[in-house]
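With positions in the sequence shown counted from 1, the corresponding number in the working numbering is that position plus 221.
Beta carbons: idealized from backbone N, C-alpha and C, even for Gly.
Shown next, in structure tokens, is the structure this report addresses.
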Amino acid sequence: VALNKIDAVEEEKQQEISCRRENLIKAGFYVPKIVFKDENILSIECSPAKCLYGNNVYEVGSGDLKSFLDKLTCILGQLGISVRFEDLYNAHCWRIDYAKETLLPCSTDEVLDLLMHSLPKGRMKKSVTIYINQGKAMANFLSKRRAVFYDKKQEFLNDKHNKDENLQTLLKNIRGSLWRFEFSMKTAKEIKRELKQCDYGPDVRLSVLFDQQIAQIVLSRRFEEFQAGLIDWSPKQAVCFLRKSLDSVHGRGLRDSLYKMTIVLLVSLLGIGPVFSAVAQCAGERAARAFKRDAQAIQQEVAPEWPVCIRMIQESLCNMQPINDKLLQRTVSSVSSNTRFLCLNAQVLLALLRVLFPQLAQKLEEWL
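Now the structure itself:
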């Protein structure tokens with residue numbers, strides 16, 4: 222009977238906390254996932270960035286630990302849970318996700334095309350996920366650990382719970398894409414195994430793991446593992462890929478996609494000089510100058526070299542500079558990519574192909 226009464230009290234307490242949690246969420250506050258394991262153990266699953274900023278687009282660093290724990294203590298207090306700062310500081314961690322975001326000068330599809338051409342190491346498996354509105358993710362995983370690249374920009378914009386209109390506008394206007402590389406460890410045993418391989422001790426307290434240096438070493442090590450599995454593409458493979466990808470373009474935008482793909486293919490095969498001259502011949506000097514500016518502006522966006530992306534991610538992991546509002550503001554594009562190649566309508570493109578056909582045929586014959 223006594224045990225039943227205790228169970229009833231605990232259940233009532235959990236229901237009260239759940240009710241308060243729902244009210245806070247409806248009011249627009251971020252609230253961690255909280256579960257009472259027993260009368261002495263409280264399980265808290267939360268994002269430090271969401272605690273501090275309301276989103277996890279912005280990133281935290283080692284110096285944010287006190288602010289995070291102060292905020293978490295306050296949130297728990299609003300739920301009717303009294304927890305000492307010291308208890309949270311020394312809390313045992315059974316899961317941790319280390320992550321770093323990098324701004325890349327190319328689209329989501331282009332990054333995914335590059336990421337797709339990799340082989341996972343050892344027993345790890347590979348998965349690709351397509352979300353609504355073209356959000357994408359690629360992961361190498363086992364049951365207790367997971368290394369994933371995903372498009373943070375689209376993930377945030379597609380989440381109906383994200384109400385920050387200023388951040389939504391900012392993300393919509395940044396140049397290129399914002400990709401997040403994340404490594405998750407889902408048990409304390411897995412965390413200890415990873416720390417040992419990085420020459421750290423088995424201490425899995427929050428205050429120890431909330432360390433940019435540990436995050437940097439873990440992420441760099443895992444990214445090097447991913448990089449070693451990349452498969453380089455030859456020009457021949459790139460041409461074959463573009464040819465096959467035509468079948469996947471449907472609906473509105475088909476014509477524009479075909480036009481741009483053709484121009485990209487021409488420039489990649491022949492170089493911008495011959496194509497520039499052909500545009501001048503077919504559409505005039507003014508159109509040729511506009512074409513040259515457009516081609517130079519999107520060179521990295523439409524045909525990024527993977528080594529460039531590799532270097533940018535490596536630099537991001539080396540610096541570990543947290544993404545914040547000011548950094549994103551500096552990347553806002555002043556010119557929409559939709560305005561590019563306006564000089565290249567159907568008639569101009571057809572004339573362009575006629576002029577360049579002999580050179581194009583020679584190149585294709587050499588590679589195919």
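Check	Outcome
What three-state label does DSSP hand A360 in the structure shown?	strand
Please state the DSSP three-state secondary structure of E199.	Because the chain in this structure spans residues 222 to 589, residue 199 falls outside the shown range and cannot be described.
Rounding to the nearest angstrom, what Cα-Cα distance links Y251 and R367 in this structure?	25 Å
Between the segment 533-553 and the segment 268-285, do at least 3 Cβ pairs fall closer than 8 Å?	yes
Considering only the beta carbon of each residue, do W400 and T323 sit closer than 9 Å?	yes
Quick check on the burial criterion: 16 or more other C-beta atoms within 10 angstroms. Buried or exposed for M406?	buried
Could you have a look at T350 and say whether DSSP puts it in helix, strand or coil?	strand
Roughly how many angstroms separate the alpha carbons of A270 and E331, rounded to a whole number?	28 Å
What is the rounded straight-line gap between the Cα of G298 and the Cα of L263?	14 Å
Could you tell me the alpha carbon to alpha carbon distance between K357 and F578, rounded to whole angstroms?	36 Å
Taking Cβ to Cβ, would you say V439 is nearer than 9 Å to Y319?	yes
Give me the Cα-Cα distance between K226 and I302, rounded to the nearest whole angstrom.	At K226, the pLDDT of 36 sits below 50, so the modelled position is not reliable; the number obtained from the coordinates is stated separately. Their Cα atoms are separated by approximately 21 Å.
Rank L491, A504, Q375 by C-alpha distance to the C-alpha of Q583 and give the top, closest one.	L491
Got a sec? Which residues, its chain only, sit under 7 Å from I531 by beta carbon, not counting five neighbours each side?	Q448
Quick check on DSSP: helix, strand or coil for D420?	coil
Classify A509 as helix, strand or coil using the three-state DSSP reduction.	helix
With DSSP run on the structure shown, which of helix, strand or coil describes A368?	strand
With a cut-off of 8 Å on the beta carbons, I'd call I435 and C314 a contact; round off their distance for me.	About 12 Å separates the two Cβ atoms, so there is no contact after all.
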